Amino acid sequence: MKSIVMLVFVAGVLFGGVFMLFGGSSTDTTASLAENVSVVDGKQIVVIMAKGKYSPPVSVARAGVPTVLRMRTNGTFDCTSALTISAIGYQANLPPSGVTDIEIPPQQPGVTIQGLCAMGMYNFTIKFL
Ligand SMILES: [Cu+2]
Numbered sequence: 001m002k003s004i005v006m007l008v009f010v011a012g013v014l015f016g017g018v019f020m021l022f023g024g025s026s027t028d029t030t031a032s033l034a035e036n037v038s039v040v041d042g043k044q045i046v047v048i049m050a051k052g053k054y055s056p057p058v059s060v061a062r063a064g065v066p067t068v069l070r071m072r073t074n075g076t077f078d079c080t081s082a083l084t085i086s087a088i089g090y091q092a093n094l095p096p097s098g099v100t101d102i103e104i105p106p107q108q109p110g111v112t113i114q115g116l117c118a119m120g121m122y123n124f125t126i127k128f129l
């Protein structure tokens with residue numbers, strides 16, 4: 001009788017462990033990342049378009065890996081091209097059309113980085129999970 005109780009207990013721990021293992025690992029796969037976030041050669045690339053607004057306005061990225069913020073412009077003559085990201089001390093004017101890569105060092109989980117236009121009207125955020 002004692003051994004049956006023990007067996008049920010062991011089985012419970014095993015199932016619980018397996019459930020936690022799979023439950024835990026599924027949360028950090030690329031499936032949970034936004035469409036504009038990809039991982040290339042261990043670096044994650046977050047693509048954001050600047051034109052009249054920043055899109056997408058919110059991105060979810062992975063914490064703990066080096067990140068490239070890839071700003072795209074295409075006939076952008078509004079102030080979204082004057083970009084400030086104070087968390088990393090970045091401030092620059094993006095070209096009217098083109099691609100600007102901005103390096104973001106690995107971030108802690110839970111950190112949100114915000115990009116802001118020169119006049120503070122438009123912004124985007126990247127949440128690191
Ligand atoms: Cu602005």
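So in the UniProt record's numbering, spot 43 of the sequence shown is number 43, and the numbers just go up one at a time.
Cβ coordinates follow ideal geometry from the N, Cα and C atoms, glycine included.
Predicted model only: the values in this text are computed from it and were never measured.
By the Cβ test, the region 91-102 is not in contact with the region 53-63, since fewer than three Cβ pairs between them sit closer than 8 Å. Counting only runs that start and end inside the UniProt domain "EfeO-type cupredoxin-like" (40-121), the beta strand (DSSP E) elements of at least 3 residues fall at 43-50, 58-61, 67-73, 82-85, 90-93, 98-104 and 112-117. Between I102 and L129 the beta-carbon gap is near 20 Å, outside 8 Å, which marks them as no contact. Remark: the C-beta of Y122 is in contact range of ligand 1, defined as less than 6 Å to any heavy atom. I45 is positioned such that its CB atom lies closer than 7 Å to that of S38. With distances taken between CA atoms, A118 lies nearest to Y54 out of G110, D41 and Y54.
DSSP, read as helix, strand or coil, puts N36 in coil.
For the set N36, Q114, I126 and N123, the Cα lying nearest the Cα of S86 is the one of Q114.
No Cβ-Cβ contact shorter than 7 Å links K51 with T84.
If you draw a 10 Å sphere on the C-beta of M121, you find fewer than 16 other C-beta atoms in it, and that means exposed. Minimum Cα-Cα distance from T112 among the listed residues N36, A63, V40 and A34 corresponds to A63.
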